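Student:
Protein chains: 2
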Amino acid sequence: MQQVNLGMIGGGTVGSGVFHALELNGALMSSRIGVKVNVRKIAVKAFDEPRPYDIPRSLMTLDWQEVVNDPRVDVVTELVGGMGIARTMILAALKRGKPVITANKALLSEHGEELFATARKFGTNLYYEASVCGGIPIIKSLREGFVGNRITHLYGIVNGTCNYILTRMKLEGADFDAVLKDAQKQGYAETPPDLDIDGWDSQHKIGILASLAHGFWVDHRTIHVEGIRNITALDIQFANELGYTIKLLGIIKTIDDMRLTIDASKNKPTRKSNIVNRKSQVQVSVYPTLVPNTHVLASVNHVFNAVFVRGDVVGDTLFYGRGAGKDATASAVMSDLADAALDLKFGSKQRVPPFVPHERNGVVVPIDEVVSQYFVRLNVVDKPGVLAKIAEIFGTSHIGISSVIQPEGHEGESVPLIFMLHYATNGAVSKALVRIGRLPVVKGKPVMIRVEDFK
Amino acid sequence: MQQVNLGMIGGGTVGSGVFHALELNGALMSSRIGVKVNVRKIAVKAFDEPRPYDIPRSLMTLDWQEVVNDPRVDVVTELVGGMGIARTMILAALKRGKPVITANKALLSEHGEELFATARKFGTNLYYEASVCGGIPIIKSLREGFVGNRITHLYGIVNGTCNYILTRMKLEGADFDAVLKDAQKQGYAETPPDLDIDGWDSQHKIGILASLAHGFWVDHRTIHVEGIRNITALDIQFANELGYTIKLLGIIKTIDDMRLTIDASKNKPTRKSNIVNRKSQVQVSVYPTLVPNTHVLASVNHVFNAVFVRGDVVGDTLFYGRGAGKDATASAVMSDLADAALDLKFGSKQRVPPFVPHERNGVVVPIDEVVSQYFVRLNVVDKPGVLAKIAEIFGTSHIGISSVIQPEGHEGESVPLIFMLHYATNGAVSKALVRIGRLPVVKGKPVMIRVEDFK
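Chains as they are written, first to last, in this note's numbering: chain W, 1 to 455; chain E, 1001 to 1455.
1. Nearest-angstrom Cα distance between aspartate 1219 (chain E) and valine 309 (chain W)?
2. When you compare only the Cα positions, how much space is there between glutamine 406 (chain W) and isoleucine 418 (chain W)?
3. Taking the continuous beta strand (DSSP E) assigned at alanine 1424 (chain E), which residues delimit it?
4. Considering only C-alpha positions, which residue in the set W:Val381, W:Leu180, W:Pro384, W:Tyr127 is nearest to threonine 232 (chain W)?
5. One question on the structure: do histidine 295 (chain W) and phenylalanine 394 (chain W) come within less than 7 Å of each other, judged by their Cβ atoms?
6. With the cut-off set at 7 Å, would you say glycine 84 (chain W) and asparagine 104 (chain W) are in Cβ contact?
7. Listed from N- to C-terminal order along the chain, which residues in the stretch 1118–1150 of chain E have their beta-carbon within a distance smaller than 7 Å of any beta-carbon of chain W?
8. Hey, out of W:Lys445, W:Val291, W:Glu129, whose CA is closest to alanine 340 (chain W)'s CA?
9. Against chain W, with Cβ distances strictly below 7 Å, would tyrosine 1155 (chain E) count as a contact?
10. Which of helix, strand or coil does DSSP assign to lysine 205 (chain W)?
11. Using the Cβ count rule (16 or more neighbours within 10 Å means buried), how would you classify aspartate 63 (chain W)?
12. Using 8 Å for Cβ pairs, my map puts isoleucine 1090 (chain E) next to leucine 1115 (chain E). What's the rounded Cβ distance?
13. Compute the Euclidean distance between the alpha carbons of valine 370 (chain W) and threonine 1102 (chain E), then round it to the nearest angstrom.
14. Would you list, in chain order, the members of the stretch 1326–1338 of chain E that have their beta-carbon closer than 9 Å to a beta-carbon of chain W?
15. Does DSSP put valine 1276 (chain E) in a helix, in a strand, or in coil?
16. Contact check, phenylalanine 1216 (chain E) vs asparagine 1361 (chain E) under 8 Å by CB: the rounded distance?
17. Suppose you measure from the CA of aspartate 1235 (chain E) to the CA of lysine 1170 (chain E); what does that come to, to the nearest Å?
18. Find the residues of chain W that neighbour glycine 1311 (chain E), judging by a C-beta separation of less than 7 Å, and give them in chain order.
19. Take the Cβ of lysine 1185 (chain E) as the centre, count every other Cβ of all protein chains shown within 10 Å, and call the residue buried at 16 or more, exposed below.
20. Would you mind sorting glycine 1199 (chain E) into buried or exposed? The rule is 16 or more other CB atoms within 10 Å of its CB.
21. Should threonine 1245 (chain E) go down as buried or exposed, given a rule of 16 or more other Cβ atoms within 10 Å for buried?
22. So is methionine 448 (chain W) buried or exposed if we call it buried at 16+ other beta carbons inside 10 Å?
23. When you compare only the Cα positions, how much space is there between threonine 1161 (chain E) and lysine 349 (chain W)?
24. Considering only residues of the stretch 312–386 of chain W, which uninterrupted beta strand (DSSP E) runs meet the minimum length of 3 residues and lie entirely inside it, listed in chain order?
25. Could you name the residues of the same chain whose beta carbon sits closer than 7 Å to that of leucine 195 (chain W), not counting the 5 residues immediately before and after it, in chain order?
26. Could you pull the start and end residues of the alpha helix (DSSP H) that histidine 1153 (chain E) belongs to?
27. Please confirm whether asparagine 274 (chain W) has its beta-carbon closer than 7 Å to some beta-carbon of chain E.
28. Given a cut-off of 7 Å, decide if aspartate 1382 (chain E) and glycine 1409 (chain E) are closer than it, judged by their beta-carbon atoms.
29. State yes or no: is the C-beta of glycine 7 (chain W) within less than 7 Å of the C-beta of valine 44 (chain W)?
30. Can you have a look at phenylalanine 176 (chain W) and say buried or exposed, based on whether 16 or more other CB atoms are within 10 angstroms of its CB?
31. For my contact list, lysine 1319 (chain E) and phenylalanine 319 (chain W) are in at a C-beta cut-off of 8 Å; report their separation, rounded to the angstrom.
32. In the DSSP output, which residue or residues are listed as bridge partners for arginine 1002 (chain E)?
33. Scan the stretch 27–46 of chain W for residues whose Cβ lies nearer than 8 Å to a Cβ of chain E and list them as they occur along the chain.
34. Please look up how many angstroms separate the CB atoms of isoleucine 1055 (chain E) and serine 1016 (chain E), rounded, as I've assumed it's under 8 Å.
35. Go through its chain and collect everything with a Cβ distance to leucine 378 (chain W)'s Cβ below 6 Å, but skip five positions before and after it.
36. Report the residue ranges of all beta strand (DSSP E) runs contained in full by the stretch 277–311 of chain W; include only those spanning at least 3 residues, in chain order.
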């Protein structure tokens, strides 16, 4: 049987997870693909760093260059993470023509194009299934399974920490801060938690998926991001009363000319006929979203991830699994390793290149021009005429109100007032909310959460 | 750009769907994979047979051999279906070394091993993503995405017709016959409907998935099958009261020694330590199943399919999408076509062979030895002592009762009596039910539906 020698950089949580998976199922994988994978060397930060699975001392080295430079190493995994030395490590391996497998979404987001160009130049490949939703083969499915589709819509719950926090807030009626603290104690959230809860991790992942779906490399800086830090128990409760669950969604949507033509009579966006040779316009954003309780994404709970994909041929699909953790990530690395081993066996190292710009020379539409529906929660003084004043501002902004909830209160006291708004641009709603926020009867900053009907 | 010429056999619903998808997205696919696919010829049954999408007269021929024999045809699709001529067509193309793409699950079930051996012998490949759950890239995910996993559990809703009928029965409280008739009128069920509603179509698909997961080709005749014909509105109603939804599930489960060691004290199957060099034992069956309403499979409604996969590394995953229909199937054929085109481009026609026997030299365990939990519905005469008599039979058969529902009735009348049973072998429960069915107070045949807790 053909042999492939693996050199690993990174022997911490993920790295030792991959090593363990290979110990467990390496022989099974070999019998499936007809190539035997041998682990030759593993570069670690320290021999005795804490790791969930043991690595034999004889395989470890403290010098990552030993791994890259070893002429007997055919494939390299970079499982160090972060934006520093990882880039140098990957580039060094690619420049030696060695295929690299990585889970490093942050690095791909920032330096993807450089890495892809280097792989191309040196006739090798970069595999990164583990960078987005480890337990879900979403990159393979988008690139290969749905290769015959235009991806018109993609909605992803791609951050397990946020989904865990939002799930517990809903189930327990608890506040954000309390759940976050407990999540940190239990190891479901990092300290500091910003990368996850402020949406940056989701931004990296959604940028990668948007690029693969739409064929132009999406600069992550163009992706509008809002995290879950400001979601309150009250929002979750009112959303539920209206039949919705709040999820942090990454949203990738072809919008054509939708943003230009809201048909006010129907309160529905309508599409103009296609204009040829125009750049395709895509919404790419990450924000908390009201998802109808009847939609399957509303039932994705705790640390699980899910990606809902609509293709113009295949229709609606959903993929569900663990997003992170040593084992789910190891499963994705094993998949890449099998592909890399087969590509070495058949001399087809560039069979499915890391990124192929294709056809759709698109642009990410600024959030202000994106059309959404909205849940708005205000804190108002309960006195006559308040509703009329607010409704007037929505009216003069041409924003339709689809429903209002005003829980019974006591005159003169401060009470919540909830609006559900029809389709309108984010820009128009933001402006209207600034004006509403300035009304003396409105206390505090208006809360706005977008609503998705998946139509 | 490299060119690949496609010859198609079958230009009906699926065939014209594939042709249409290529018209729509062929250029996009080419720009993604770097290979242009040209349709050279399409063999049809009749030039004017009814088809959902038009095919130009100039591409059509009535002679399938023209397609296979055309030296300019590099890849062949067989989208004729059925067990007759399709086999001859596929063998003819394979014998000319041409890769074949098929959606023919019945043929694969019956003649898979012959087709795979022929592909191997003639140095070519057979692709069949479209044969199981067209809209879900489940074959690619099992073989490539989860290549580093042992698949310990797989539960599939793989027949859209059955799921559509069961969904409507539940939503409308309607009877099987009425819903079936309406489904036939609306084109969601065939006439005659037997292949779907009696579970044979699910059997074919589950056999293919079981083979890929466990590495030995599963003879479909060893798969225990029960369809949905005998499910009544009453069963659905009582299941719902107990917190369950009835779904037709294909079930593939590694059972090790579970069947031998039911720990009666805990009413839980326990596993013996692994015995080396023993054939792995697998449950492979298709039957209506009570699924907890909280489980994601319970929310898969109408014609949608879903496959729940548990891998020993990746954990729990779910794939959801349309199972059949011209477009979902076309999406899967396009995916295979891209793989075939890349394999031709890189000279790696046997990169991922159609079936690789691997490691697990297993056997399908007879249904009588499989351990399940059960919902049992009896129709009994309401008089004193009835419950005791029935409970005694379960007791002497060592079958634990976890709950009983006896709706209030009138003495002397016939009333339903529902039992939920703990883990027991199917053989023991069948035997007990035969004895119970013979009691004079029990009217009609006892109804038994298995319960799955996904543990």
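Note that the Cβ used here is the ideal one computed from N, Cα and C, for glycine as well.
Computed from a prediction, not measured in an experiment: that's the story for all the values here.
Tutor: To lay it out plainly:
1. For the purposes of this step, residue 1219 (chain E) is taken as residue 219 along the second sequence, with counting starting at 1. For the purposes of this step, residue 309 (chain W) is taken as residue 309 along the first sequence, with counting starting at 1. The alpha-carbon atoms of aspartate 1219 (chain E) and valine 309 (chain W) are separated by roughly 34 Å.
2. For the purposes of this step, residue 406 (chain W) is taken as the residue at position 406 of the first sequence. For the purposes of this step, residue 418 (chain W) is taken as the residue at position 418 of the first sequence. Straight across, the Cα-Cα distance linking glutamine 406 (chain W) with isoleucine 418 (chain W) is about 6 Å.
3. Looking up residue 1424 (chain E) in the second sequence gives position 424. Taken as a continuous stretch (DSSP letters only), the beta strand (DSSP E) holding alanine 1424 (chain E) covers 1414–1425.
4. Counting from 1 along the first sequence, the entry for residue 232 (chain W) is found at position 232. Of all alpha-carbon atoms in W:Val381, W:Leu180, W:Pro384, W:Tyr127, the one lying nearest the alpha-carbon of threonine 232 (chain W) is that of W:Leu180.
5. On the first sequence, position 295 is the one that residue 295 (chain W) refers to. On the first sequence, position 394 is the one that residue 394 (chain W) refers to. It is not a contact, given that the beta carbons lie outside the stated cut-off.
6. For the purposes of this step, residue 84 (chain W) is taken as residue 84 along the first sequence, with counting starting at 1. For the purposes of this step, residue 104 (chain W) is taken as residue 104 along the first sequence, with counting starting at 1. It is not a contact, given that the beta carbons lie outside the stated cut-off.
7. Gly1135, Ile1136, Pro1137, Lys1140, Ser1141, Glu1144, Gly1145, Phe1146, Val1147, Gly1148, Asn1149, Arg1150
8. Stepping through the first sequence from its first residue, residue 340 (chain W) is reached at position 340. Closest option to alanine 340 (chain W), Cα to Cα, is W:Glu129.
9. Stepping through the second sequence from its first residue, residue 1155 (chain E) is reached at position 155. Answer no: the Cβ-Cβ gap between tyrosine 1155 (chain E) and chain W never drops below 7 Å.
10. Counting from 1 along the first sequence, the entry for residue 205 (chain W) is found at position 205. Lysine 205 (chain W): helix per DSSP, three-state reduction.
11. The residue you call residue 63 (chain W) lines up with position 63 of the first sequence. By the 10 Å Cβ count, aspartate 63 (chain W) comes out exposed.
12. Walking along the second sequence from the start, residue 1090 (chain E) turns up at place 90. Walking along the second sequence from the start, residue 1115 (chain E) turns up at place 115. Isoleucine 1090 (chain E) to leucine 1115 (chain E), Cβ: 6 Å. Contact.
13. Mapped onto the first sequence, residue 370 (chain W) falls at position 370. Mapped onto the second sequence, residue 1102 (chain E) falls at position 102. Taking the straight line joining both Cα atoms gives about 42 Å.
14. Asp1327, Ala1328, Ala1330, Ser1331, Ala1332, Val1333, Met1334, Ser1335, Leu1337, Ala1338
15. One-based indexing of the second sequence puts residue 1276 (chain E) at position 276. Residue confidence is low: valine 1276 (chain E) scores 42 on pLDDT, short of 50, so the model does not pin down where it sits. No coordinate-derived value is stated.
16. As a working mapping, residue 1216 (chain E) is identified with position 216 in the second sequence. As a working mapping, residue 1361 (chain E) is identified with position 361 in the second sequence. 6 Å between Cβ atoms; contact.
17. As a working note, residue 1235 (chain E) is residue 235 in the second sequence. As a working note, residue 1170 (chain E) is residue 170 in the second sequence. Aspartate 1235 (chain E) and lysine 1170 (chain E): Cα-Cα distance of roughly 10 Å.
18. Counting from 1 along the second sequence, the entry for residue 1311 (chain E) is found at position 311. By Cβ distance, chain W contributes Ser331.
19. Against the second sequence, residue 1185 (chain E) aligns to sequence position 185. Lysine 1185 (chain E) is exposed by the Cβ-count criterion.
20. Residue numbering aside, residue 1199 (chain E) sits at position 199 when the second sequence is read from its first letter. It is buried - the Cβ of glycine 1199 (chain E) has at least 16 other Cβ atoms within 10 Å.
21. Sequence index remark: in the second sequence, residue 1245 (chain E) carries index 245 (1-based). Per the 10 Å Cβ criterion, buried.
22. By one-based count along the first sequence, residue 448 (chain W) stands at place 448. Buried, since its Cβ has 16 or more Cβ neighbours within 10 Å.
23. Position 161 of the second sequence holds residue 1161 (chain E). Position 349 of the first sequence holds residue 349 (chain W). In a straight line, the C-alpha of threonine 1161 (chain E) is about 42 Å away from that of lysine 349 (chain W).
24. Within the stretch 312–386 of chain W, the complete beta strand (DSSP E) segments of 3 residues or longer fall at 315–322, 371–381, listed in chain order.
25. By 1-based counting over the first sequence, the position of residue 195 (chain W) is 195. These residues qualify, in order along the chain: Asp201.
26. In the second sequence, the residue the question calls residue 1153 (chain E) occupies position 153. No alpha helix (DSSP H) contains histidine 1153 (chain E), which is instead part of the beta strand (DSSP E) from 1151–1157.
27. Taking the first sequence and counting its residues from 1, the one referred to as residue 274 (chain W) is at position 274. Only weak support is given to the placement of asparagine 274 (chain W): the predicted model assigns it a pLDDT of 43, under 50, and the value that follows is read from those uncertain coordinates. With 7 Å as the cut-off, asparagine 274 (chain W) does not count as an interface residue toward chain E.
28. Here residue 1409 (chain E) refers to the residue found at position 409 of the second sequence. Here residue 1382 (chain E) refers to the residue found at position 382 of the second sequence. The Cβ-Cβ distance between glycine 1409 (chain E) and aspartate 1382 (chain E) falls below 7 Å.
29. Working through the first sequence from its first residue, we reach residue 7 (chain W) at position 7. Working through the first sequence from its first residue, we reach residue 44 (chain W) at position 44. It is not a contact, given that the beta carbons lie outside the stated cut-off.
30. Counting from one through the first sequence, the residue named residue 176 (chain W) turns up at place 176. It counts as buried.
31. In the second sequence, counting from the first residue as 1, residue 1319 (chain E) sits at position 319. In the first sequence, counting from the first residue as 1, residue 319 (chain W) sits at position 319. The residue asked about is misnamed: residue 1319 (chain E) is phenylalanine in this sequence, not lysine. Confirmed, Cβ separation roughly 6 Å.
32. As a working note, residue 1002 (chain E) is residue 2 in the second sequence. The sequence given here places glutamine at residue 1002 (chain E); arginine does not occur at that position. In DSSP, glutamine 1002 (chain E) forms a bridge with E:Val1035.
33. Ala27, Leu28, Met29, Ser31, Arg32, Ile33, Gly34
34. In the second sequence, counting from the first residue as 1, residue 1055 (chain E) sits at position 55. In the second sequence, counting from the first residue as 1, residue 1016 (chain E) sits at position 16. The pair is a contact, with the Cβ atoms about 6 Å apart (cut-off 8 Å).
35. For this step, residue 378 (chain W) is matched to residue 378 along the first sequence. Only Leu417, Val442, Pro446 meet the Cβ criterion.
36. Counting whole runs of 3 or more residues, the stretch 277–311 of chain W contains the beta strand (DSSP E) stretches 281–292, 304–311.
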